[in-house]
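Participant: In the working numbering, the protein residues as written are 800 to 1010.
A virtual CB, placed ideally from N, CA and C, is assigned to each residue, including glycine.
Below is a structure I'd like to ask you about.
Below is the structure:
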């Protein structure tokens, strides 16, 4: 078993294993894509954010905007730049901007997470389907042979067990990724809400600017 090659394993597991293999590739691909997306969306250099807030505390809105503009490839700093441009207007304008970008941020972070949830659900079902196919093969081989014995049904049993294990692996992997990114999204959204609320408070009550 330890010397079994990948192709031998796929062959023993039946054609359902190729579906599992394709699912695993998709999961890994979207894992890398989500890691890249989360690194660009919702996170921000804490030291730079503190500098922005310090400028706002001192009423230096233009300086804060300039600092954000230098780092606006990051989603958070882009939002702060756009929001601070509305500092001369009523507070509702800035809050509307932050609310609009919040929806955009949530949509971007939530993008493709349903794929992980889908594979977490259908993984065991695919494994069960492979199990059923393996059992059918085992009984078919037994019927064709006309005699009993473990060697007659071994191939079908192996197919069913390998498919079951593959289905569990796909489901567990997808479930872990779904829960991880969902939890991370919630944390990022909470950080966004706290930051934007703090900026709005600093702009309209933390310096000499009027409301």
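On the three-state DSSP scale, how would you describe residue 1040?
Facilitator: The structure shown does not extend to residue 1040, since the chain is modelled only from 800 to 1010, so the question has no answer here.
Participant: Going by the beta-carbon positions, is the gap between residue 919 and residue 977 smaller than 7 Å?
Facilitator: Counting from one through the chain shown, the residue named residue 919 turns up at place 120. Counting from one through the chain shown, the residue named residue 977 turns up at place 178. Yes, the Cβ-Cβ distance between residue 919 and residue 977 is below 7 Å.
Participant: Closest Cβ-Cβ distance between residue 815 and chain E: below 7 Å?
Facilitator: As a matter of chain content, chain E is missing from the structure shown, which is built from one protein chain.
Participant: When the Cα atoms are used, what is the spatial distance from residue 961 to residue 925?
Facilitator: Numbered from its first residue, the chain shown carries residue 961 at position 162. Numbered from its first residue, the chain shown carries residue 925 at position 126. Going from the Cα of residue 961 to the Cα of residue 925 covers about 12 Å.
Participant: Tell me whether residue 987 is buried or exposed, calling it buried when 16 or more other Cβ atoms sit within 10 Å of its Cβ.
Facilitator: One-based indexing of the chain shown puts residue 987 at position 188. By the neighbour-count rule (16 or more Cβ atoms within 10 Å), residue 987 is buried.
Participant: Could you compute how far the alpha carbon of residue 929 sits from the alpha carbon of residue 821?
Facilitator: For this step, residue 929 is matched to residue 130 along the chain shown. For this step, residue 821 is matched to residue 22 along the chain shown. Whole-angstrom Cα-Cα distance: 15 Å.
Participant: Do you know how far the Cα of residue 849 is from the Cα of residue 843?
Facilitator: For this step, residue 843 is matched to residue 44 along the chain shown. For this step, residue 849 is matched to residue 50 along the chain shown. If I take the Cα positions, the gap works out to 10 Å.
Participant: Going residue by residue through the segment 890-937, where are the continuous alpha helix (DSSP H) segments of at least 4 residues, counting only ones entirely within it?
Facilitator: Listed in chain order, the complete alpha helix (DSSP H) runs (minimum 4 residues) inside the segment 890-937 are 890-909.
Participant: Is residue 829 near residue 914, with beta carbons less than 7 Å apart?
Facilitator: The residue given as residue 829 occupies position 30 in the chain shown. The residue given as residue 914 occupies position 115 in the chain shown. Result yes, Cβ atoms of residue 829 and residue 914 sit closer than 7 Å.
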